[in-house]
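The numbering of the sequence shown is full-length UniProt numbering, which starts it at 1 and goes up by one.
Glycine included, every Cβ here is placed at the ideal spot set by N, Cα and C.
If you're wondering where the values come from, they're calculated on a predicted model, not measured in any experiment.
Below is one structure, written out as structure tokens; comments come after it.
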Amino acid sequence: MDDFSSLCMQARAGDAHAAEQLMQRIYPELRQMARSRLRHSGHLTLLDTTALINEMWLRLNAVTHMQAADKHYFLGYAARAMRSIVIDYARRRKAERHGGDAEHVELESQLDLSNPDESELLRVHDALNELEQLDPRLAQVVELRYFAGLSEEQTADFLGVARRTVQRDWLKARALLFAALR
1 MDDFSSLCMQ
11 ARAGDAHAAE
21 QLMQRIYPEL
31 RQMARSRLRH
41 SGHLTLLDTT
51 ALINEMWLRL
61 NAVTHMQAAD
71 KHYFLGYAAR
81 AMRSIVIDYA
91 RRRKAERHGG
101 DAEHVELESQ
111 LDLSNPDESE
121 LLRVHDALNE
131 LEQLDPRLAQ
141 VVELRYFAGL
151 SEEQTADFLG
161 VARRTVQRDW
171 LKARALLFAA
181 LR
């Protein structure tokens, strides 16, 4: 078991010093992920980078089944938690604004998620869940590239595949998401 896994186990067991060390060690990467996530959907929430990281940290601490794992597993889990937090905020905001009614959004000729509204973000979330059922690695590539803001090279390292594989998966995933959102 490596040092990171050991810190995870100690932090989950309630060791405040280990939790602090773990956070200090991983914080720069979490901050980069949160910034990327909010850059794509920050207007949908009232969260800032620090608040998103804190919410994510609380969610990860509440998860009882998460095993002590390596740093890549932890970052993947953190990316998924951040995505979930933003989706939850978008759902609440949409419910408040629109009484919970689904609003149909027509997409242009390309999939543009640089500034989605609540409805579009929820549709993307649903489409990504469908993609995960079809091909989990494609969904993971989308989570890492789009939601976590990782580069192709970082995603390839994370998944343990070649960069070219990530490029092909990214193209395929985007095409499938575009088709699902039409």
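> In terms of alpha-carbon separation, which member of R59, H40, A18 lies closest to A90?
Replying inline: The residue given as residue 90 occupies position 90 in the sequence shown. Checked all of R59, H40, A18; the closest Cα to A90 is H40.
> Going straight from the alpha carbon of D157 to that of D15, what length do you get?
Replying inline: Counting from one through the sequence shown, the residue named residue 157 turns up at place 157. Counting from one through the sequence shown, the residue named residue 15 turns up at place 15. Whole-angstrom Cα-Cα distance: 30 angstroms.
>> Taking a contact to mean a Cβ-Cβ separation below 7 angstroms, would you say E152 touches R137 in this structure?
In response: For the purposes of this step, residue 152 is taken as the residue at position 152 of the sequence shown. For the purposes of this step, residue 137 is taken as the residue at position 137 of the sequence shown. No, Cβ-Cβ distance for E152 and R137 is not below 7 angstroms.
>> As a quick exercise: from A62, R37, L176, pick the residue whose alpha carbon is nearest that of N129.
In response: Your numbering for residue 129 matches position 129 in the sequence shown. Ranking A62, R37, L176 by Cα distance to N129 puts L176 first.
> So, helix, strand or coil for A90, using DSSP?
Replying inline: Numbered from its first residue, the sequence shown carries residue 90 at position 90. Three-state result, A90: helix.
> Once you ignore the five residues that flank E29 on each side, which residues in its own chain have a CB closer than 8 angstroms to its CB?
Replying inline: Here the question's residue 29 lines up with position 29 in the sequence shown. Contacts found: L75.
> Are there 16 or more other CB atoms within 10 angstroms of the CB of E118, so buried, or fewer, so exposed?
Replying inline: Position 118 of the sequence shown, counted from the start, is the residue given in the question as residue 118. Buried, by the Cβ-count rule.
> Residues in its own chain within less than 6 angstroms of R93 by CB, not counting five upstream and five downstream?
Replying inline: Position 93 of the sequence shown, counted from the first residue, corresponds to residue 93. For R93, where only same-chain residues beyond five positions count, the Cβ hits under 6 angstroms are E118.
>> Spatial neighbours of G80 within its chain, please: C-beta separation below 7 angstroms, excluding the five flanking residues on both sides.
In response: What you label residue 80 is simply residue 80 of the sequence shown in a count that begins at 1. In the sequence on display, residue 80 carries Arg and not Gly. Within the same chain, R80 has close Cβ partners E143.
> So what does DSSP say about S5, is it helix, strand or coil?
Replying inline: If you number the sequence shown from 1, residue 5 lands on position 5. Note: S5 maps to helix in three-state DSSP.
>> Let's see if you can read the secondary structure: which residues bound the alpha helix (DSSP H) around A148?
In response: Mapped onto the sequence shown, residue 148 falls at position 148. Element bounds for A148: n/a, residue is neither H nor E.
> How should R37 be labelled, buried or exposed, when 16 other C-beta atoms within 10 angstroms of its C-beta is the threshold for buried?
Replying inline: On the sequence shown, residue 37 is found 37 positions in, with the first residue counted as 1. Its Cβ being crowded by 16 or more others within 10 Å, R37 is buried.
> Can you tell me where the alpha helix (DSSP H) with D48 in it begins and where it stops?
Replying inline: For the purposes of this step, residue 48 is taken as residue 48 along the sequence shown, with counting starting at 1. Looking at the DSSP string, D48 is not in any alpha helix (DSSP H), and its letter there is neither H nor E.
> Can T155 and R145 be called in contact, C-beta distance under 7 angstroms?
Replying inline: The residue given as residue 155 occupies position 155 in the sequence shown. The residue given as residue 145 occupies position 145 in the sequence shown. Closer than 7 angstroms, so yes.
> Taking DSSP as the reference, what is the three-state secondary structure of A78?
Replying inline: As a first step, residue 78 is located in the sequence shown; it is residue number 78 there, counting from the start. Here A78 sits in helix by DSSP.
>> So, with DSSP's three-state summary, where would you put L177?
In response: Here the question's residue 177 lines up with position 177 in the sequence shown. L177 falls in the helix class under three-state DSSP.
>> Only counting the same chain, and skipping five residues up and downstream in sequence, which positions put a Cβ closer than 7 angstroms to that of V86?
In response: Within the sequence shown, numbered from 1, the residue matching residue 86 stands at position 86. R37, S41, L44, T45, listed in sequence order.
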